[in-house]
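Counted the way the working numbering counts, the sequence shown spans residues 1155 to 1248.
Idealized CB from N, CA, C, for every residue including glycine.
Just so you know, these numbers come straight off a predicted model, no measurement behind them.
Notes follow once the structure below has been shown.
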Amino acid sequence: MSMKPKKIPMRMCLGCNEMKPKKELMRVVKSPEGDISLDFVGKKNGRGAYICKSSECFEKARKARRFEKTFSCKIDESVYEVMADELRKETENS
1155 MSMKPKKIPM
1165 RMCLGCNEMK
1175 PKKELMRVVK
1185 SPEGDISLDF
1195 VGKKNGRGAY
1205 ICKSSECFEK
1215 ARKARRFEKT
1225 FSCKIDESVY
1235 EVMADELRKE
1245 TENS
């Protein structure tokens, strides 16, 4: 009985539209209450979307309104600002 190699879950980045291993990406989640936030552990409840851990991809997705299309809702600028700050802090720490 041969061992099958473990399948790596792939997700598409909303910024650059490239398929990448899920572990390399940052999850953005819309909670059942409608709150949009970054999900650093990947365990938050709700609809998820993924972006590369770069502010470049975040800005691309933001400008093209890809988060709004994915989550089918209007996202306030203040929410984007909070996420941009969190992403900046996260990328500085790693």
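Enclosing beta strand (DSSP E) for residue 1230 [first to last residue]:
In the sequence shown, counting from the first residue as 1, residue 1230 sits at position 76. From DSSP, residue 1230 is part of no beta strand (DSSP E); its letter is neither H nor E.
Three-state secondary structure (DSSP) of residue 1174:
Walking along the sequence shown from the start, residue 1174 turns up at place 20. Strand, per DSSP.
Counting along the chain, where does the beta strand (DSSP E) carrying residue 1209 start and finish?
Residue numbering aside, residue 1209 sits at position 55 when the sequence shown is read from its first letter. Note, residue 1209: premise wrong, no beta strand (DSSP E); alpha helix (DSSP H) at 1209-1217.
With a 10 Å radius around its C-beta and 16 neighbouring C-beta atoms as the bar for buried, classify residue 1195 as buried or exposed.
The residue you call residue 1195 lines up with position 41 of the sequence shown. Exposed is the call here.
With DSSP as the reference, please indicate the residues paired to residue 1184 in a beta bridge.
As a working mapping, residue 1184 is identified with position 30 in the sequence shown. Per the DSSP secondary-structure output, residue 1184 pairs in a beta bridge with 1190, 1201.
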